[in-house]
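Undergrad: Per the UniProt record's numbering, the very first residue in the sequence shown carries number 1; after that it's consecutive.
Where a beta carbon is used, it is the ideal one built from N, C-alpha and C, also for glycine.
Here the structure is a predicted model, which is why all the values come from computation and not from measurement.
Take this structure, written in structure tokens, and hold onto it; I'll ask about it next.
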Amino acid sequence: MARKSSKKTTNKNKSNSDIKGLLWIAAGFILMIGVYTDLAGLFSNISKNILFVLIGIGAYVIPLYIMYYGVLTIKSKGNLSINKNLYPVTFFMINTILMVSSLSIDSIEDKNISLMEFIFKVFDNPSWNNGGLLGIIISYPLYKLLGIIGSIIIYMLIYAICLILIFDLSIFDIGLNLKTKSKNIKDKVGSKNNLKEKKKENIQLEPYVEQDGYIEGINKKIKILDFMKNSSIHSEEGEKPREIAVFQMGDTKSESKSESKKLDNNLKEVVNREITEKITESKADVKYNIPKLEYLNINNNLNINKEDKKELISSATKLEETLSSFGVEAKVLQVTKGPAVTRYELQPSAGVKVSKIVNLSDDIALSLAASGVRIEAPIPGKSAVGIEVPNKVITAVFLREVLDEEKFKSSSSSVAFAIGKDIAGQCVVADLSKMPHLLIAGATGSGKSVCINTLIMSILYKYSPSEVSLLMIDPKVVELSVYNGIPHLLIPVVTDPKKAAGALNWAVNEMTRRYKLFAETGVRNIQSYNTLMEKSETEEKLPYIVIIVDELADLMMVCPNDVEEYIARLAQMARAAGMHLVLATQRPSVDVITGVIKANIPSRISFAVSSQIDSRTILDSSGAEKLLGKGDMLFYPVGESKPQRIQGAFISEEEVEKVVSSIKSEIEEANYDEQIIEHINSESSSNGNSSNDEDADELLDEAIKVVVESGQASASYIQRRLRIGFNRAARIIEQLEEREIITKKDGSKPRQVLITREEIEDF
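What follows is the structure in structure tokens.
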């Protein structure tokens with residue numbers, strides 16, 4: 001009953017406020033007709049005379065003020081107790097009346113006129129050009145005390161205070177914005193002058209971008225940062241392709257170790273030397289032009305509207321109120337809207353534990369109507385706690401935005417690649433040579449393959465084949481095959497898992513060869529070697545080699561032993577040789593990546609995962625389970641204390657095909673060497689044979705002689721003749737079957753021996 005009665009009372013108050021509001025609006029409208037026109041008859045004369053006598057010029061403002069009050073009454077729904085705009089507006093109107101009164105007093109020739117004489121004058125001639133009776137009574141003492149100059153200063157001060165309260169302005173923010181805009185205008189004018197001086201050069205000016213503004217919240221000012229304003233999208237005209245200098249590459253010595261027992265070491269050295277010479281010949285005299293940016297799509301969604309800003313302010317206020325209800329006093333200092341999430345920077349009051357805010361993540365998500373929040377406590381480099389709330393609409397970050405940034409263009413890194421944009425909209429460009437290896441993990445469809453595509457495209461847009469070469473392994477077959485034919489590839493994309501082991505074996509041999517070159521020249525890494533080779537015209541410069549494995553887990557299922565061994569060696573030693581691994585997998589568990597490999601791949605990128613356990617497996621910390629998917633990632637490079645949240649750059653399949661087709665059209669054919677492919681095939685087969693030999697039983701040779709001489713083969717027969725256990729005899733039978741010495745089991749029929757005594761020596 002109590003609830004029903006309170007509900008009825010609330011509804012009644014709302015209806016009463018609507019009625020009152022309409023009455024106030026109607027009264028103001030009628031009064032406006034009476035003051036502004038003569039259409040109201042006698043009411044016009046009475047209202048004009050009374051109002052002009054009392055408040056003078058205020059007679060024109062009073063009707064509007066009454067209508068404004070009626071609108072506020074309706075909007076307040078019966079709760080018009082205190083309104084932050086009503087009082088400043090009232091004082092603004094009164095201040096105007098007083099200032100007009102002071103000016104009318106100053107306009108009289110007789111400055112010594114008394115107050116009563118001036119009042120009688122107002123009664124005799126009521127007009128709009130004074131403040132009426134009330135204005136004269138209040139402004140006259142102030143005029144006599146301070147004079148007209150002092151009075152005007154006081155009135156201007158009151159005007160400023162009223163405007164600050166009405167529009168919720170800040171003098172500091174106004175000055176800062178004026179300073180920033182004047183500086184931008186000055187820079188823009190200077191840029192135009194430079195453009196006039198350099199008409200012969202084809203220079204494109206970046207469009208003028210306004211600085212981030214401040215939007216004020218309740219009882220304070222909250223800075224709103226928009227990631228879109230940091231974008232540097234130029235006109236749709238692509239830049240002219242930049243021609244890369246061609247490096248002439250000479251002959252080098254090549255030495256490598258063979259793991260096969262059947263091939264002679266000297267023969268292997270000759271083969272490796274021929275392969276190295278063939279690589280240098282294929283990469284020499286190749287002109288490579290950087291593809292045009294016009295092949296990549298432009299992001300046209302680069303504006304944030306006022307409604308979004310108001311919503312951010314409202315959410316910041318809700319956040320403070322929610323924390324306050326749980327006894328946590330904190331202020332929102334800054335709101336940064338990113339492509340996928342918005343970060344609210346909180347400054348806790350003295351004595352508030354950070355852990356208390358972290359434990360309220362579910363309550364914060366409930367109050368903000370968010371699917372989930374991620375709390376970064378504290379933000380690295382700031383004395384604030386970051387609360388990351390997902391945006392209702394995720395804005396894609398196009399790869400062209402990042403590649404067109406000066407940060408990427410002017411990067412002097414050995415293997416720089418674009419990742420995406422952080423929460424503040426700043427482009428993130430990483431250096432693979434400093435990582436030195438990268439592990440990319442996340443659930444299916446979270447963006448791993450797109451991330452690999454952005455890495456490859458970054459290399460194609462910045463480096464020539466003589467600077468960076470690629471070795472790609474794609475067990476999924478369909479992801480990286482589009483890149484077949486580009487000059488950066490050493491060999492076609494490897495899709496057969498068994499051949500992948502041979503490709504990794506070649507990489508290990510190449511690493512060994514490079515270290516021998518370093519030892520001969522007395523250097524320690526590839527940078528020193530290339531610097532030394534720049535001074536010599538006869539020797540070659542070594543390109544960096546990026547080895548990309550798209551789905552490592554599938555590779556480990558097919559041939560785990562060889563792949564694990566080669567990746568472990570490359571992860572431990574390949575950094576100084578200029579060879580870098582990029583491994584992508586769904587979940588880097590122990591059966592996929594061993595502890596030794598994982599310890600040597602310190603840089604990680606984690607996309608969205610399903611559980612906190614998976615996040616700890618990838619990053620050694622939680623957080624990835626709160627990601628949103630669609631390119632939302634945590635980037636944890638070596639040397640950083642905490643992972644950085646980034647919205648990965650997006651590139652579509654059509655864009656990749658356009659760029660690759662453009663590159664292929666400038667070269668006659670792919671610069672592959674059949675000898676490298678044959679070398680990989682021979683290594684794969686020899687590794688398979690050597691592994692079979694290693695697994696072979698010690699008595700296998702004797703068992704072959706026994707079954708050939710007797711013409712029969714069975715586990716019990718081998719057990720009796722060799723005097724061994726049945727399990728061991730059964731394994732020997734399986735090994736004989738694998739080597740096609742005996743037939744497979746065919747029901748109750750005995751196995752047949754497939755070789756003769758003359759062929760025993762071959763086995």
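For my contact list, T73 and S17 are in at a C-beta cut-off of 8 Å; report their separation, rounded to the angstrom.
TA: Position 73 of the sequence shown, counted from the start, is the residue given in the question as residue 73. Position 17 of the sequence shown, counted from the start, is the residue given in the question as residue 17. Confirmed, about 6 Å.
Undergrad: Can you pull the DSSP bridge partners for T585?
TA: The residue labelled residue 585 in the question sits at position 585 within the sequence shown. DSSP lists A441 as partners of T585.
Undergrad: Compute the beta-carbon to beta-carbon distance between M457 and L399, rounded to the nearest angstrom, for a pair I have assumed lies under 8 Å.
TA: Looking up residue 457 in the sequence shown gives position 457. Looking up residue 399 in the sequence shown gives position 399. Confirmed, about 6 Å.
Undergrad: Taking the beta strand (DSSP E) that V341 belongs to, which residues open and close that run?
TA: In the sequence shown, counting from the first residue as 1, residue 341 sits at position 341. Segment V341 to P348, the beta strand (DSSP E) holding V341.
Undergrad: Let me know the secondary structure DSSP gives L489 once reduced to three states.
TA: For this step, residue 489 is matched to residue 489 along the sequence shown. Three-state result, L489: strand.
Undergrad: Look at the Cβ atom of L438, then the Cβ atom of I646, and state whether they are nearer than 9 Å.
TA: Your numbering for residue 438 matches position 438 in the sequence shown. Your numbering for residue 646 matches position 646 in the sequence shown. No, these two residues do not count as a Cβ contact at 9 Å.
Undergrad: Return the chain-ordered list of same chain residues with a C-beta closer than 6 Å to the C-beta of V546, the five sequence neighbours on each side being excluded.
TA: Locating residue 546 in the sequence shown gives position 546, where the first residue counts as 1. Excluding residues within five positions, the ones whose Cβ falls inside 6 Å are L470 and H580.
Undergrad: Would you say the segment 422-434 touches the segment 497-512, given that touching needs at least three Cβ pairs under 8 Å?
TA: The segment 422-434, when compared against the segment 497-512, does not touch it at the 8 Å Cβ threshold.
Undergrad: Going along the chain, which residues of its own chain have a beta-carbon closer than 7 Å to the beta-carbon of K626, five neighbours each way excluded?
TA: Numbered from 1 along the sequence shown, position 626 holds the residue referred to as residue 626. Cβ within range, chain order: G372 and R374.
Undergrad: May I ask which residues mark the beginning and end of the alpha helix (DSSP H) holding D614?
TA: Here residue 614 is taken as the residue at index 614 of the sequence shown, counted from 1. Element bounds for D614: Q612 to L619.
Undergrad: May I ask you to verify whether the segment 330-345 touches the segment 381-388, counting CB pairs closer than 8 Å and requiring at least 3?
TA: Enough Cβ pairs lie closer than 8 Å, so yes.
Undergrad: Residue 777 lies in the beta strand (DSSP E); which residues open and close that run?
TA: As shown, the chain starts at 1 and ends at 763. That puts residue 777 outside it, with no answer to give.
Undergrad: In angstroms, rounded to a whole number, what distance separates the CA positions of W24 and G70?
TA: Residue mapping note: residue 24 aligns to position 24 of the sequence shown, counting from 1. Residue mapping note: residue 70 aligns to position 70 of the sequence shown, counting from 1. Each residue's alpha carbon lies about 5 Å from the other.
Undergrad: In the DSSP assignment, what are the bridge partners of D746?
TA: On the sequence shown, position 746 is the one that residue 746 refers to. Per DSSP, K749.
Undergrad: Using the Cα positions of S260 and G502, report the straight-line distance between them to the nearest angstrom.
TA: Locating residue 260 in the sequence shown gives position 260, counting from the first residue. Locating residue 502 in the sequence shown gives position 502, counting from the first residue. Summary for S260: the model assigns pLDDT 40, below 50, so the residue's position carries little reliability; its value from the coordinates is reported in the next sentence. Each residue's alpha carbon lies about 12 Å from the other.
Undergrad: In whole angstroms, what separates the C-alpha of E210 from that of F172?
TA: Residue numbering aside, residue 210 sits at position 210 when the sequence shown is read from its first letter. Residue numbering aside, residue 172 sits at position 172 when the sequence shown is read from its first letter. A caution first: E210 carries a pLDDT of 38, below 50, which makes its placement in the model unreliable, though a value can still be read off. Their backbone Cα atoms lie some 18 Å apart in a straight line.
Undergrad: Identify whether F326 lies in helix, strand or coil by the three-state DSSP scheme.
TA: Your numbering for residue 326 matches position 326 in the sequence shown. Residue state, collapsed to three classes: coil.
Undergrad: Per DSSP, D632 is paired with what?
TA: Locating residue 632 in the sequence shown gives position 632, where the first residue counts as 1. Answer is Q647, bridged to D632.
Undergrad: Out of curiosity, what's the CA-to-CA distance linking D697 and S606?
TA: Numbered from its first residue, the sequence shown carries residue 697 at position 697. Numbered from its first residue, the sequence shown carries residue 606 at position 606. Between D697 and S606, the C-alpha separation is close to 44 Å.
Undergrad: Here's the rule: buried if 16 or more other CB atoms are within 10 angstroms of the residue's CB, otherwise exposed. What is Q752?
TA: By 1-based counting over the sequence shown, the position of residue 752 is 752. Q752 should be labelled exposed.
Undergrad: Report the three-state DSSP secondary structure of T495 (helix, strand or coil).
TA: As a first step, residue 495 must be located in the sequence shown, where it is residue number 495. Coil at T495, not helix or strand.
Undergrad: Just to confirm before moving on: does the CB-CB distance between V582 and L455 stay below 9 Å?
TA: Stepping through the sequence shown from its first residue, residue 582 is reached at position 582. Stepping through the sequence shown from its first residue, residue 455 is reached at position 455. Yes; because the gap between Cβ atoms is below 9 Å, this pair is in contact.
Undergrad: Which same chain residues end up closer than 8 Å to D554 when comparing Cβ atoms and leaving out the 5 residues on each side of it in sequence?
TA: As a position in the sequence shown, residue 554 is number 554, starting the count at 1. Excluding sequence neighbours, D554 sits near P475, K476 and P497.
Undergrad: Does DSSP put S652 in a helix, a strand or coil?
TA: Position 652 of the sequence shown, counted from the first residue, corresponds to residue 652. Reduced to three states, the DSSP call for S652 is coil.
Undergrad: If you drop the 5 nearest sequence neighbours on each side, which residues of the same chain put their C-beta closer than 7 Å to that of T322?
TA: Mapped onto the sequence shown, residue 322 falls at position 322. The answer, listed in chain order, is D363, I364 and S367.
Undergrad: Going by DSSP, name the residue or residues bridged to C427.
TA: As a working note, residue 427 is residue 427 in the sequence shown. DSSP output for C427 lists K421 as bridge partner(s).
Undergrad: Any idea if A649 is buried or exposed, counting beta-carbon neighbours within 10 angstroms, 16 or more meaning buried?
TA: Stepping through the sequence shown from its first residue, residue 649 is reached at position 649. Answer is buried; the Cβ neighbour count reaches 16.
Undergrad: Could you check if L179 is buried or exposed, using at least 16 other CB atoms within 10 Å of its CB as the buried criterion?
TA: The count along the sequence shown starts at 1 and reaches residue 179 at position 179. Checking the displayed sequence, the identity of residue 179 turns out to be Lys instead of Leu. Result: exposed.
Undergrad: For P380, count neighbouring C-beta atoms within 10 Å of its own C-beta (all shown protein chains included) and say buried if the count is 16 or more, exposed if not.
TA: Within the sequence shown, residue 380 is the residue found at index 380, counting from 1. With fewer than 16 Cβ atoms within 10 Å of its Cβ, P380 is classed as exposed.
Undergrad: Runs of 4 residues minimum, wholly inside the segment 29-79: which ones carry the alpha helix (DSSP H) assignment?
TA: With a minimum length of 4 residues, the continuous alpha helix (DSSP H) runs that stay inside the segment 29-79 are 42-55 and 62-76.
Undergrad: Check M557 in the structure and name its three-state DSSP category.
TA: On the sequence shown, residue 557 is found 557 positions in, with the first residue counted as 1. M557: helix per DSSP, three-state reduction.
Undergrad: Looking at the secondary structure, which residues open and close the alpha helix (DSSP H) in which R728 lies?
TA: Within the sequence shown, numbered from 1, the residue matching residue 728 stands at position 728. Residues F726 to E738.
Undergrad: For S446, which residues from the same chain have a beta carbon less than 6 Å from its beta carbon, with the 5 sequence-adjacent residues on both sides left out?
TA: Taking the sequence shown and counting its residues from 1, one reaches residue 446 at position 446. Around S446: F607, A608 and G629.
Undergrad: Taking the alpha-carbon positions, what's the I567 to V393 distance?
TA: Mapped onto the sequence shown, residue 567 falls at position 567. Mapped onto the sequence shown, residue 393 falls at position 393. Answer to the nearest angstrom: the Cα atoms are 40 Å apart.
Undergrad: Rounded to whole angstroms, what's the CA-CA distance from S170 to Y65? Just pull it up for me.
TA: Mapped onto the sequence shown, residue 170 falls at position 170. Mapped onto the sequence shown, residue 65 falls at position 65. Roughly 26 Å between the two C-alpha positions.
Undergrad: Of all the options I313, L39 and V53, which has the alpha carbon lying nearest to the alpha carbon of Y344?
TA: Here residue 344 is taken as the residue at index 344 of the sequence shown, counted from 1. The option with the nearest alpha carbon to Y344 is I313.
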